[in-house]
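Step one of this worksheet: look at the structure below.
Residue numbers (the UniProt record's numbering): 1 to 227.
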């Protein structure tokens, strides 16, 4: 469980308090970059990759963990290339690599947002354009991205130590794909369902949804005040 930003003794990034309009600008930037990852022609993707690199560096300076994202991309690459090799042989592996690159470029801005902007600010911005309940769901989902990447990395490492055949080279063999599903994806799904239930219980205990004008928690305490 997370307790005041800590999980298993590690501190999770809190994000910056950019204010409502700063957070709105960051959210608009993320939506634009993620959409551009699928809409831009291939020749312009290096420029988009350079912008994403800047966001990654900034996110890492905010103590964001990028390792889980890297492992996810490697798993996705192995799965996609294996699927392309199975269906098309070795002729269209370049297209498979390009597809994974676009998915990665669409994922990185969301990771940056989750580690750089406080979730309560994201929820406050979203309440301006959608109902409060939907804003809560979207903001909570964005806030879960660091947890998901970290959880994937931990589950993946544990299953590898137990002898699961889910290494990137082993995933080139389609026979090992079911092992990836029940060794990594199913445990991750169970963890997310448990966490979603805990969050729903916490929201219910705080009478979330009982008022038409919900408030948003703002932690103004300094880092020294939390120690």
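We put the CB at the ideal spot given by N, CA and C, even for glycine.
Please read all numbers here as calculations on a predicted model, not as lab measurements.
Taking Cβ positions, are residue 68 and residue 174 nearer each other than 7 Å?
no
Beta-carbon separation of residue 65 and residue 150 under 7 Å?
yes
Which residue marks the beginning of the alpha helix (DSSP H) containing residue 190, and which one marks its end?
186-205
Tell me the start and end of each unbroken alpha helix (DSSP H) in the stretch 36-84 that is at least 4 residues and wholly inside, in chain order.
45-61
For residue 158, count neighbouring C-beta atoms within 10 Å of its own C-beta (all shown protein chains included) and say buried if the count is 16 or more, exposed if not.
exposed
Kindly provide the ranges of any alpha helix (DSSP H) runs that are 4 or more residues long and lie completely inside the stretch 129-172, ordered along the chain.
132-143, 145-161
Limits of the alpha helix (DSSP H) - the one that residue 175 falls within:
Looking at the DSSP string, residue 175 is not in any alpha helix (DSSP H), and its letter there is neither H nor E.
Bounding residues of the alpha helix (DSSP H) (the contiguous stretch that carries residue 91)
First-last for residue 91: undefined, no H or E at that position.
Which value, in whole angstroms, describes the spacing of the CA atoms of residue 208 and residue 133?
8 Å
Neighbour-count burial assignment, residue 19, 16 or more Cβ in a 10 Å radius:
exposed
How long is the line joining the alpha carbons of residue 32 and residue 131, rounded to whole angstroms?
22 Å
Give a yes or no on whether the C-beta atoms belonging to residue 114 and residue 142 are separated by under 7 Å.
yes
State the CB to CB distance for the pair residue 80 and residue 96, rounded to an integer number of angstroms; the pair is presumed to be in contact (CB under 8 Å).
5 Å
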